[in-house]
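In the numbering used here, the protein residues as written are 45 to 457. Report on one structure; see the data block that follows.
Written as structure tokens, this is what we have:
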């Protein structure tokens with residue numbers, strides 16, 4: 045970090061900032077920049093004074109007269125504001141810099157009026173009718189219920205996998221669209237990109253702008269994805285019922301049953317809090333601590349640094365000494381969830397996912413080697429096994445490579 049030289053007689057202009065109460069402090073940021081940071085009350089008070097046009101020398105005299113601010117390094121505070129793009133010397137209010145969102149994301153922006161139509165009373169009533177109809181179908185017709193064995197297929201393996209990938213990707217896209225429309229309803233622009241949750245490739249919406257909203261208004265954008273999942277499952281359940289009553293091909297019904305199970309699995313996946321899922325953000329918002337994951341990582345790294353006499357991990361900052369007891373308890377609880385989640389995820393990878401892929405590969409090889417097996421059946425099994433392994437390998441690569449990528453040393457001059 046480069047330490048800036050602060051002129052005590054200069055004024056500093058701030059970009060437009062939002063300030064929202066958050067836990068023991070405040071969340072300060074800018075929607076366009078896409079950056080939000082937690083500030084203590086003293087930091088927000090300093091921001092107010094800078095916005096009023098006071099110079100650093102003015103602020104020091106004021107703090108000295110009031111007997112406050114002994115623990116505040118004003119020069120360091122101003123240098124940090126400049127580094128994160130919140131301030132710069134001068135009287136003219138600067139524009140926010142470029143967004144901190146990754147370059148390989150697509151911006152999503154619709155008018156607030158358009159987004160509000162998707163959440164009007166009429167639209168919500170229609171959604172309710174669809175969900176109710178889906179529930180009735182599931183109760184009355186066994187074929188329309190959730191089937192735990194829907195992934196166990198014997199024929200048309202490759203076609204089922206490819207079609208299921210297309211359909212589940214569309215469902216995931218609708219899930220993220222729900223998030224982004226709900227954010228647009230609040231006047232917040234968002235971005236869509238592709239990321240990983242462990243070894244799984246996923247679409248992910250960047251909703252960082254919602255932190256400019258009061259906490260109560262963040263819940264709908266955070267919940268909207270799972271509400272869309274419920275709507276999609278209801279629609280597919282109705283379609284399964286219609287196809288079954290019309291004596292449609294068994295393959296079509298089985299494919300849609302697998303899609304419903306896939307969506308159910310992704311909804312259950314949302315409760316893996318250590319993966320920063322929708323439920324994680326809802327919990328963080330409810331608790332008033334928007335970066336529980338980062339705090340947990342810092343806590344683990346600090347303890348590893350202590351237990352290994354500095355060989356591994358990293359030293360915790362001195363700020364931890366003043367952390368409220370309630371927040372520390374929450375972080376420690378989340379650390380337990382984080383560690384258990386990682387252990388279970390790795391166990392799933394090595395005990396379930398990789399052995400299953402190996403069995404499919406072995407089955408494909410046996411089918412190809414069997415002189416009595418049809419050629420197309422062997423080809424089908426081989427394509428299925430190859431695609432499955434390719435998807436898992438791609439996910440593992442995108443997940444693990446950034447962790448081992450060589451990090452350039454930071455400039456400390």
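Backbone N, C-alpha and C fix where the C-beta goes; we use that ideal spot for every residue, glycine too.
* Is the segment 341 to 349 close to the segment 310 to 319, with three or more CB pairs under 8 Å? -> Flag = no, the segment 341 to 349 and the segment 310 to 319 do not touch.
* What's the gap between the Cα of residue 228 and the Cα of residue 419? -> Those two C-alpha atoms are separated by around 52 Å.
* To do: Measure the alpha-carbon distance for residue 422 versus residue 196 and round it to whole angstroms.
  => Put simply, the backbone Cα of residue 422 is about 18 Å away from that of residue 196.
* **Identity of the residues DSSP links to residue 240 by a beta bridge** => Per DSSP, 245.
* To do: Verify whether the separation of the beta carbon atoms of residue 440 and residue 255 is less than 7 Å.
  => Not closer than 7 Å, so no.
* To do: Tell me, please, which residues DSSP counts as bridged to residue 235.
  => Beta-bridge pairing links residue 235 to 151, 250.
* C-alpha distance - residue 73 paired with residue 325, whole-angstrom precision -> If you draw a straight line from the Cα of residue 73 to the Cα of residue 325, it is about 17 Å long.
* To do: Just the C-alpha distance for residue 265 and residue 225, rounded to the nearest angstrom, thanks.
  => Rounded to whole angstroms, residue 265 to residue 225 spans 8 Å at the Cα level.
* Straight-line gap, residue 444 to residue 222 (C-alpha atoms, nearest Å) -> Taking the straight line joining both Cα atoms gives about 29 Å.
* Answer with buried or exposed for residue 243, where buried requires no fewer than 16 other C-beta atoms within 10 angstroms of its C-beta. => Flag for residue 243 reads buried.
* Expressed to the nearest angstrom, what Euclidean distance is found between the alpha-carbon atoms of residue 173 and residue 179? -> Whole-angstrom Cα-Cα distance: 10 Å.
* Asked: Is there contact here, the segment 197 to 207 with the segment 273 to 291, by at least three beta-carbon pairs under 8 Å?
  -> In short, these stretches do not touch, since the Cβ pair count stays below three.
* **Alpha carbon of residue 131 to alpha carbon of residue 56, nearest angstrom** => Straight-line Cα distance between these residues: approximately 6 Å.
* Asked: What is the residue span of the beta strand (DSSP E) that residue 65 lies within?
  -> The continuous beta strand (DSSP E) containing residue 65 extends over residues 62 to 66.
* Pick from 263, 187, 84, 95 that is closest to residue 59, judged by C-alpha positions -> Minimum Cα-Cα distance from residue 59 among the listed residues 263, 187, 84, 95 corresponds to 95.
* Can you tell which of 182, 65, 414, 241 has the C-alpha that lies nearest to the C-alpha of residue 285? -> Residue 285 has its Cα closest to that of 182, out of 182, 65, 414, 241.
* Going straight from the alpha carbon of residue 107 to that of residue 84, what length do you get? -> Our two residues, residue 107 and residue 84, have alpha carbons roughly 16 Å apart in a direct line.
* Report yes or no: do three or more beta-carbon pairs, one from the segment 210 to 217 and one from the segment 294 to 311, lie closer than 8 Å? => Put simply, the segment 210 to 217 touches the segment 294 to 311. At least three CB pairs are less than 8 Å apart.
* Confirm, please, whether the CB-CB distance from residue 246 to residue 237 is below 7 Å. => Cβ distance not < 7 Å, so residue 237 and residue 246 don't count as in contact.
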